[in-house]
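Residue numbers (the working numbering): 1264 to 1636.
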């Protein structure tokens, strides 16, 4: 596809998701070998419904913004992060996921601070800035024992980001496994922040199928719709629980948000048993990467045939399953590549090939310890 060429996006997307018909203008980015890296420009982005909100079919995650332990964050990276944010927004991404716990040590809350700063300093059209949806998560810390304390956490996030209202206020994890009484207080906190207008919608994260139904029913009885459920969902995480969660979301009208759609980087195709990332991720990768060859081979085969990259294929699988993936971004290069997951779709045969290969791979992503049953 040449620079500046255009195409029409079909009204019905993967998995029956309906998008607005729009003209997408592409600017192809070429790597050194001349292969197309992906989509860099969507003049008018496809949007999907998430509760009362209209969001891009892919968001970006900001876990790395402020995290020194896992992602090697340094304040000198802020300029690159801001350019990354600007590129994303200019190309139709309006959903950004963060959390009040993102940032290590003295940098706790740094992700929210940077996100708020980048929004304020965005130089593009005011309407584009106003359409940005922030989904932040509130940690279920043991000292947050009352609804009021969760509301105060929400107010603190608003102050850090210097905004008046959060798009989606999410409970970061459930306490059902270790502190059941605290769980009800936290749910009441979600109700309170919604009723006070501090958030446009509420969601949960790391909820298993049984607890997801419980929180949905509890909030519904209080007149508060559950907008979203965020879980680890990727070709590395398609076990029985994850598919049950997906089916529950579909039946109850909850939008599934897929975090770690690239398996912390294992589905990028960059790593091998002899080439692992440094730090804690390296230990995890060493246990899983050796068993991923069937899946990685299928990803490479489809990527080559489609003139896409391995990460673009892996992210597109999430979109085709009806979820909203939120791959993390730390650089303009990563954002450019991730944008190439939009504007096209895998065929049914390709989806089945990937899922069969995922099942053939003996190693799977370790389930988040915070996810409930």
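All C-beta atoms, glycine included, are put in the ideal place defined by N, C-alpha and C.
It should be emphasised that the depicted structure is a prediction, and the values quoted were computed from it without experimental measurement.
Opposing strand residues paired with residue i [DSSP bridges]
i, result
"residue 1385", "DSSP lists no partner for residue 1385."
"residue 1587", "1520"
"residue 1313", "1316"
"residue 1494", "1521"
For residue i, three-class secondary structure by DSSP
i, result
"residue 1518", "strand"
"residue 1618", "helix"
"residue 1506", "helix"
"residue 1425", "coil"
"residue 1647", "This structure cannot speak to residue 1647, because the chain is shown only from 1264 to 1636."
"residue 1488", "coil"
"residue 1592", "coil"
"residue 1501", "coil"
"residue 1552", "helix"
"residue 1390", "helix"
"residue 1399", "strand"
"residue 1362", "strand"
"residue 1559", "helix"
"residue 1602", "helix"
"residue 1624", "coil"
"residue 1356", "coil"
"residue 1481", "helix"
"residue 1533", "coil"
"residue 1574", "helix"
"residue 1543", "helix"
Nearest-angstrom beta carbon gap, residue j and residue i [assumed within contact, 8 Å]
i, j, result
"residue 1592", "residue 1343", "With 8 Å as the limit, residue 1592 and residue 1343 do not qualify as a contact, their Cβ atoms being about 10 Å apart."
"residue 1329", "residue 1366", "3 Å"
"residue 1530", "residue 1574", "7 Å"
"residue 1524", "residue 1447", "Not quite, the Cβ-Cβ distance comes to about 32 Å (not below 8 Å), so this is no contact."
"residue 1433", "residue 1466", "4 Å"
Exposure label - residue i; buried when at least 16 CB within 10 Å
i, result
"residue 1423", "buried"
"residue 1537", "exposed"
"residue 1541", "exposed"
"residue 1486", "exposed"
"residue 1267", "Its pLDDT being 32, under 50, residue 1267 is placed unreliably in this model, and the value from its coordinates should be taken loosely. It counts as exposed."
"residue 1550", "exposed"
"residue 1406", "exposed"
"residue 1441", "exposed"
"residue 1391", "exposed"
"residue 1469", "buried"
"residue 1403", "buried"
"residue 1510", "exposed"
"residue 1567", "exposed"
"residue 1473", "exposed"
"residue 1430", "buried"
"residue 1425", "exposed"
"residue 1393", "exposed"
"residue 1427", "exposed"
- What are the start and end residues of each continuous alpha helix (DSSP H) run of 4 or more residues lying completely inside the segment 1324-1349, in chain order? 1331-1334
- Message: What ranges does the alpha helix (DSSP H) occupy inside the segment 1408-1474, keeping only unbroken runs of at least 4 residues that lie completely in it?
- Response: 1410-1424 and 1443-1458
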